[in-house]
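Protein chains in written order, with the working numbering: chain L, 14 to 246; chain P, 14 to 246; chain F, 14 to 246; chain U, 14 to 246; chain Z, 14 to 246; chain B, 14 to 246.
Worksheet: the structure to be examined is printed underneath.
There are 6 protein chains.
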Amino acid sequence: MRNVLAIGAHPDDVELGCGATLLAHAAAGDTVTVLVLTGGEAGPGTANRFDEQRAAAHSLGASLRWGGLTDCTLTPDAATVRLIEGVIEETQADLVYVHAADDSHQDHRAAAAAARSAGRRLSRVLHYQSPSTLTFHPTVFVDVTAFITGKLAALKEHASQVELSAMVEPDAVEATARYWGSQARIGYAEPFEPTRMVFDLAPISSMPTRTRTTAAVDGERRARPRTPATVRV
Amino acid sequence: MRNVLAIGAHPDDVELGCGATLLAHAAAGDTVTVLVLTGGEAGPGTANRFDEQRAAAHSLGASLRWGGLTDCTLTPDAATVRLIEGVIEETQADLVYVHAADDSHQDHRAAAAAARSAGRRLSRVLHYQSPSTLTFHPTVFVDVTAFITGKLAALKEHASQVELSAMVEPDAVEATARYWGSQARIGYAEPFEPTRMVFDLAPISSMPTRTRTTAAVDGERRARPRTPATVRV
Amino acid sequence: MRNVLAIGAHPDDVELGCGATLLAHAAAGDTVTVLVLTGGEAGPGTANRFDEQRAAAHSLGASLRWGGLTDCTLTPDAATVRLIEGVIEETQADLVYVHAADDSHQDHRAAAAAARSAGRRLSRVLHYQSPSTLTFHPTVFVDVTAFITGKLAALKEHASQVELSAMVEPDAVEATARYWGSQARIGYAEPFEPTRMVFDLAPISSMPTRTRTTAAVDGERRARPRTPATVRV
Amino acid sequence: MRNVLAIGAHPDDVELGCGATLLAHAAAGDTVTVLVLTGGEAGPGTANRFDEQRAAAHSLGASLRWGGLTDCTLTPDAATVRLIEGVIEETQADLVYVHAADDSHQDHRAAAAAARSAGRRLSRVLHYQSPSTLTFHPTVFVDVTAFITGKLAALKEHASQVELSAMVEPDAVEATARYWGSQARIGYAEPFEPTRMVFDLAPISSMPTRTRTTAAVDGERRARPRTPATVRV
Amino acid sequence: MRNVLAIGAHPDDVELGCGATLLAHAAAGDTVTVLVLTGGEAGPGTANRFDEQRAAAHSLGASLRWGGLTDCTLTPDAATVRLIEGVIEETQADLVYVHAADDSHQDHRAAAAAARSAGRRLSRVLHYQSPSTLTFHPTVFVDVTAFITGKLAALKEHASQVELSAMVEPDAVEATARYWGSQARIGYAEPFEPTRMVFDLAPISSMPTRTRTTAAVDGERRARPRTPATVRV
Amino acid sequence: MRNVLAIGAHPDDVELGCGATLLAHAAAGDTVTVLVLTGGEAGPGTANRFDEQRAAAHSLGASLRWGGLTDCTLTPDAATVRLIEGVIEETQADLVYVHAADDSHQDHRAAAAAARSAGRRLSRVLHYQSPSTLTFHPTVFVDVTAFITGKLAALKEHASQVELSAMVEPDAVEATARYWGSQARIGYAEPFEPTRMVFDLAPISSMPTRTRTTAAVDGERRARPRTPATVRV
């Protein structure tokens with residue numbers, strides 16, 4: 014069982030970028046947490062975006078956390094890094110999803126950079142594509158053929174954005190998943206650019222713990238214990 | 014259970030590039046096949062490289078196939094592509110390891126290109142690093158802390174190369190695994206550059222077949238059946 | 014009025030890669046020639062692919078030329094370069110479309126490389142995406158919202174491939190155009206990676222000739238006359 | 014007729030980066046606006062840089078706007094994004110030129126990032142090279158053989174910089190245009206790296222409007238109306 | 014004799030990134046200055062990091078300067094740029110080493126960006142790898158086979174970090190040098206990514222000055238004098 | 014004193030790509046050998062290109078070797094690799110210059126690939142730019158302000174090409190050197206893309222031999238002896 018953390022700058026970012034993958038994680042028995050850094054108060058519409066996000070996270074089977082930061086002012090400074098570090102530690106996350114680093118939205122760039130800092134000792138940090146993402150060369154894909162309908166449903170919870178934001182186009186969301194699916198030689202896919210991804214050859218459930226007890230097998234090589242992610246970003 | 018195919022241009026290439034990962038696959042219960050395209054007859058020494066390779070494959074717990082092509086003359090032409098297609102089909106491989114595409118050795122480039130053609134409909138094609146590899150930006154890693162000793166043992170079976178080839182340096186092999194391990198935030202790692210990699214969120218053993226029966230879950234989206242990999246490279 | 018040359022390794026490659034753009038060129042009054050280098054005889058099915066390609070080119074409003082080379086054996090050697098040079102010269106092409114350079118199909122790579130050699134003195138060489146294309150970072154797009162239906166119709170002429178080839182999936186073709194359209198901030202788009210593209214600020218029809226008569230405006234800077242593309246590739 | 018907006022961080026940046034292209038636009042009948050974000054008050058010399066920039070813009074046939082920001086302190090924050098959004102909206106710009114994103118000058122990086130945000134729904138955003146630009150891979154070029162003399166004249170209006178700044182070297186400016194001209198297979202060229210560029214196959218003047226009325230031609234595909242660029246960067 | 018300046022964001026950064034190269038410079042008779050921008054006060058442990066850094070610089074044969082900035086808050090703003098410009102001018106540095114630009118630590122990114130600005134007129138700016146560096150493609154290497162022991166000794170002076178920071182692992186430091194050594198076809202190497210590097214074909218000591226007196230040899234080509242690095246970043 | 018080997022596919026390639034750098038090497042006392050792989054018999058004109066190349070090499074102060082291969086048919090196969098290996102061994106070359114790998118001319122690509130194979134154990138392999146080179150990101154430069162006149166003189170010896178080939182334009186050659194000079198923050202430069210370059214901190218003349226006698230300084234680390242470059246490409 015993995016502990017998965019998906020980070021977005023605004024309500025709807027996580028659903029757009031990796032909503033179907035989060036459904037796949039939930040279906041596989043993983044624990045999924047969504048961290049939304051800002052309230053998205055600069056977006057179009059007057060709807061309660063907190064309520065929309067709550068409904069969307071619920072439909073993904075995910076817990077929801079708010080970062081409490083201000084829309085359009087995110088920076089990857091020490092405070093943002095520490096905020097994300099705190100959530101990583103609390104959720105014991107071993108797999109982090111976050112915006113791609115090259116994005117025309119300053120908040121997305123900041124979220125990506127801060128998550129990379131906060132996750133500097135994690136072995137699995139994957140970047141998802143947003144409509145505003147620029148250069149993006151995914152090498153890793155998740156098969157979401159069974160979850161694309163669920164993704165669109167989660168997105169629909171963000172009614173204010175689906176109706177009013179020119180960057181949220183459900184038909185493009187579906188076409189994008191089909192495009193990446195054809196690239197991955199499957200039906201529908203969500204694509205990811207890893208900062209790094211250690212992939213598990215053995216089924217996750219059979220792995221005793223996250224620590225490297227494998228050292229028992231190969232005793233003469235000492236694996237250095239990692240201190241908790243609490244000091245020096 | 015996966016069916017894994019590791020392809021190398023010469024005896025010792027697979028051991029150098031992904032030997033420890035193959036041990037990890039075997040330990041996870043996967044079926045591993047090694048395909049060596051040439052006999053390595055241009056390498057240094059007079060040893061029987063077929064025997065060396067047989068011993069190495071055995072120590073990795075892998076079946077061994079020979080491509081029967083000539084050292085230093087590999088080209089990624091239709092015949093080489095069909096040869097690899099045949100082995101993919103026979104072994105029902107769903108994960109292929111092969112040389113990186115940018116390599117100063119012409120045989121390595123050819124093996125990478127031909128494997129990409131042959132595996133054009135596969136969802137998992139990963140490229141490993143050789144000592145002669147040039148640009149290489151791995152994004153995917155396998156934790157081989159428990160298998161680095163086994164890798165060095167497999168490599169030792171290629172005694173003629175370990176003793177005579179300037180490109181095979183056991184201390185560099187170990188240092189390289191430790192370097193990539195530090196990049197992956199683990200102990201020792203083998204690094205991979207994916208052409209594409211669909212990663213499985215659910216344990217492999219719980220997935221009924223390789224075909225997309227997921228369509229049952231999401232019926233309104235038709236998944237197109239794939240024809241066998243027998244026509245048009 | 015431009016003279017446009019679109020080059021494909023096999024019947025259906027040009028339709029898949031830039032069919033809608035060719036329709037847009039024809040609609041703008043440009044002269045369009047399609048050069049198909051091989052007969053595609055290694056593809057699936059027993060249909061007459063020459064007839065299919067003729068019907069497809071007709072539906073695009075394009076002239077058709079055959080290269081007469083053999084499927085799956087293309088190489089970017091001097092003969093292939095000269096073949097393409099000949100067609101460039103004869104059609105007075107000033108804009109060439111061809112496969113992307115990084116592609117898992119050896120014929121596609123060869124077509125791209127040979128066209129770059131043959132077009133080494135042209136100012137507009139654009140690469141289109143095929144289903145087998147690997148790395149692809151398009152920077153230039155054509156709005157094909159009005160021509161996507163026509164593209165799918167042209168593709169349908171290649172009935173043998175649409176029905177039998179796992180690489181030709183009409184729903185993925187449409188999704189791909191919508192995906193790139195969203196990237197280009199329009200409806201549907203075909204994407205291109207330029208080797209180089211000089212873009213014309215003045216309407217094409219108002220430009221006297223392709224030669225650099227602009228030197229008259231800026232007389233002290235001598236523009237060197239280009240010899241015809243007949244020597245040294 | 015296009016509405017062109019060229020953005021620079023300091024007086025002289027636009028002339029150095031795309032001055033000849035702006036002359037070509039003016040010659041083609043396009044409307045050209047230059048937006049200079051700061052007063053360049055940290056540059057060498059005591060000259061009135063506002064007067065210099067006014068004379069330069071005049072010689073390019075361009076309207077001039079000032080951003081009113083402070084030299085050496087630009088950041089791509091929401092305020093800068095909104096400032097540029099305002100000018101895009103007012104000038105109805107459909108083509109934006111701005112600094113390259115990878116530049117050793119922090120103001121240039123900030124101008125590029127803010128323009129990408131502000132122009133996130135535009136289909137034509139092109140980046141020009143400055144003397145301080147780092148990685149730069151142009152794929153699009155404008156033939157400026159007829160306008161290089163005019164560019165040097167516009168640059169001369171910035172006398173304080175031409176005389177005192179080590180980064181402004183007229184002979185290097187001309188050599189650079191000739192270098193890129195040889196790369197583009199023409200005489201003199203200005204090079205551009207697109208964030209994205211939709212290129213028009215039909216003469217611009219014959220296109221009714223910038224909105225997607227093409228939907229009439231291809232009615233069954235609904236093109237989603239874009240809201241004005243007033244909300245959420 | 015060169016004047017070398019190595020810049021790090023925190024105590025221990027320079028030792029980790031290019032400590033052995035600095036020893037090689039000292040051995041070659043070059044003058045070496047280390048500039049540490051912050052006191053590293055956010056790192057683990059309670060040790061006096063100023064004392065540790067002083068001892069480490071001493072063991073490298075380098076002069077030490079402090080930037081006096083605050084750990085975890087570095088930004089590449091005008092003040093940081095001017096600080097580095099001042100040290101470049103004072104030390105007459107003609108070769109600068111600094112962090113790689115793509116790094117998950119915000120201070121490292123800021124140090125790299127500010128040094129590129131400050132060194133915008135220098136012909137030799139080289140970036141070293143840190144444990145937190147992300148994409149890194151070194152093209153230039155220094156043979157440090159004779160200096161790797163000295164590097165580890167200098168690192169040991171930062172006892173608080175070696176003992177407590179999960180990012181400082183002496184065995185990985187040595188493995189990394191051996192890995193890059195094998196890439197460079199030597200024993201042990203430190204790798205560098207140049208912003209630009211003019212390399213000297215004649216022995217440095219035989220070159221009269223850093224200014225371009227070579228103009229005497231090739232008189233008709235005027236080399237433009239560079240003004241001191243005191244204006245406009 | 015270095016032993017420098019510059020490799021070109023055709024007569025005039027080396028002069029165009031690194032002629033001024035070779036003059037700088039000769040001026041520094043290095044031994045320079047030029048290897049021209051083919052006779053350039055497919056180029057324009059009827060002149061004796063062997064005589065032209067002899068005169069050009071003479072004017073560069075270089076020895077000349079011919080590869081004896083056929084213009085427009087180069088391939089990076091084992092025979093070409095061995096040919097280059099032989100010249101490397103005979104000249105004891107420790108620095109190789111050759112075409113860039115990404116070039117629209119098939120002979121240039123082949124020369125680059127074969128030289129990388131042949132020089133797989135060398136620590137200094139640098140790629141120069143040709144007029145037909147495509148992607149090129151130089152990171153290393155040589156100051157050729159004093160040698161640009163000599164370069165143009167050497168080029169003039171190839172009168173048949175200067176007069177007849179559209180790819181050889183002396184004014185573009187000079188502009189290119191000035192462009193790269195401005196990028197390198199010097200007057201005129203020749204740019205290089207390294208496969209790898211170990212740069213020497215101590216003056217070359219003071220280094221006893223090319224072998225790693227430095228091991229004496231750092232005795233506990235064993236440097237593995239390299240076998241001569243005679244086996245397995």
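Note that the Cβ used here is the ideal one computed from N, Cα and C, for glycine as well.
- Spanning the alpha carbons of Asp90 of chain L and Thr86 of chain Z requires a straight line of approximately 7 angstroms.
- For Arg122 of chain F, the closest Cβ of chain B is not nearer than 7 angstroms.
- Around Ala166 of chain U, the same chain offers Ser72 as residues with beta carbons nearer than 8 angstroms, after the five sequence neighbours per side are excluded.
- DSSP places Ser72 of chain F in the uninterrupted alpha helix (DSSP H) bounded by 62 to 73.
- Under the Cβ criterion of 7 angstroms, Ser195 of chain F is counted among the residues facing chain L.
- For the C-beta of Thr86 of chain B, the chain F residues within less than 9 angstroms are, from N- to C-terminus, Asp90, Ala91.
- Looking from the CA of Ala55 of chain F, the closest CA among P:Ala39, P:Ile101, P:Arg95 belongs to P:Arg95.
- Its chain contains Pro57, Gly58 as the residues whose beta carbon lies nearer than 6 angstroms to that of Leu177 of chain P, once the 5 sequence neighbours on both sides are disregarded; these appear in chain order.
- Boundaries of the beta strand (DSSP E) harbouring Glu206 of chain P: 202 to 211, taken from the DSSP string.
- The residues Ser145, Leu147, in chain order, have a CB closer than 7 angstroms to that of Ser117 of chain U in the same chain once the five nearest residues on each side in sequence are set aside.
- The secondary-structure analysis by DSSP pairs Arg78 of chain U across a beta bridge with U:Leu48.
- When beta bridges are read from the DSSP output, Val27 of chain U appears opposite no residue.
- Phe154 of chain P has L:Val211, P:Pro204 as its beta-bridge partners, per DSSP.
- The residue among F:Ala114, F:Ala69, F:Ala123 with its C-alpha nearest the C-alpha of Leu82 of chain F is F:Ala123.
- Within the segment 116 to 151 of chain F, the alpha helix (DSSP H) runs of at least 4 residues that lie entirely inside it are, in chain order, 119 to 131.
- Chain L has no Cβ within less than 7 angstroms of the Cβ of Ser136 of chain U.
- For Ile20 of chain Z, the three-state secondary structure derived from DSSP is strand.
- Taking all protein chains in view, the Cβ of Glu187 of chain P is crowded by 16 or more other Cβ atoms within 10 Å, so the residue is classified as buried.
- Shown here, Leu108 of chain Z sits in a strand according to DSSP, grouped into three states.
- For Leu147 of chain U, the chain Z residues whose Cβ falls inside 8 angstroms of its Cβ are Arg129, Thr208, in order along the chain.
- For Ala37 of chain P, the neighbours in chain L by C-beta distance under 9 angstroms run, in chain order, Leu214, Ala215.
- The Cβ-Cβ distance between Arg209 of chain U and Ala197 of chain F falls below 7 angstroms.
- Taking all protein chains shown into account, Glu98 of chain F has 16 or more neighbouring C-beta atoms within 10 Å of its C-beta and is therefore buried.
- The beta carbon of Tyr201 of chain U does not come within 7 angstroms of any beta carbon belonging to chain B, so the residue lies off that interface.
- DSSP places Glu54 of chain L in the coil class of the three-state scheme, outside both helix and strand.
- Taking 7 angstroms as the cut-off, the beta carbon of Ala113 of chain P is found closer than this to the beta carbon of Gln142 of chain P.
- Annotation: Ala114 of chain P has no Cβ neighbours in chain B at a cutoff of 8 angstroms; minimum Cβ distance is about 12 angstroms.
- Proximity to Ala68 of chain P across P:Lys164, P:Tyr192, P:Leu214, P:Gly200 peaks at P:Lys164, based on C-alpha coordinates.
- Around the beta carbon of Gln105 of chain U, a 10 Å sphere encloses fewer than 16 other beta carbons of the protein chains shown; the residue is thus reported as exposed.
- For Ser195 of chain U, the three-state secondary structure derived from DSSP is helix.
- For Arg133 of chain B, a Cβ of chain P is located within less than 7 angstroms of the residue's own Cβ.
- For Val17 of chain F, no Cβ of chain U is located within less than 7 angstroms of the residue's own Cβ.
- Neighbourhood of Ala126 of chain P in chain F, by CB distance below 9 angstroms: Ser117, Gln119, Arg122, in chain order.
- If you look at Leu87 of chain B, you'll find it isn't in any alpha helix (DSSP H); DSSP assigns it neither H nor E.
- Nearest CB-CB separation between Tyr141 of chain B and chain U: not below the 7 angstroms threshold.
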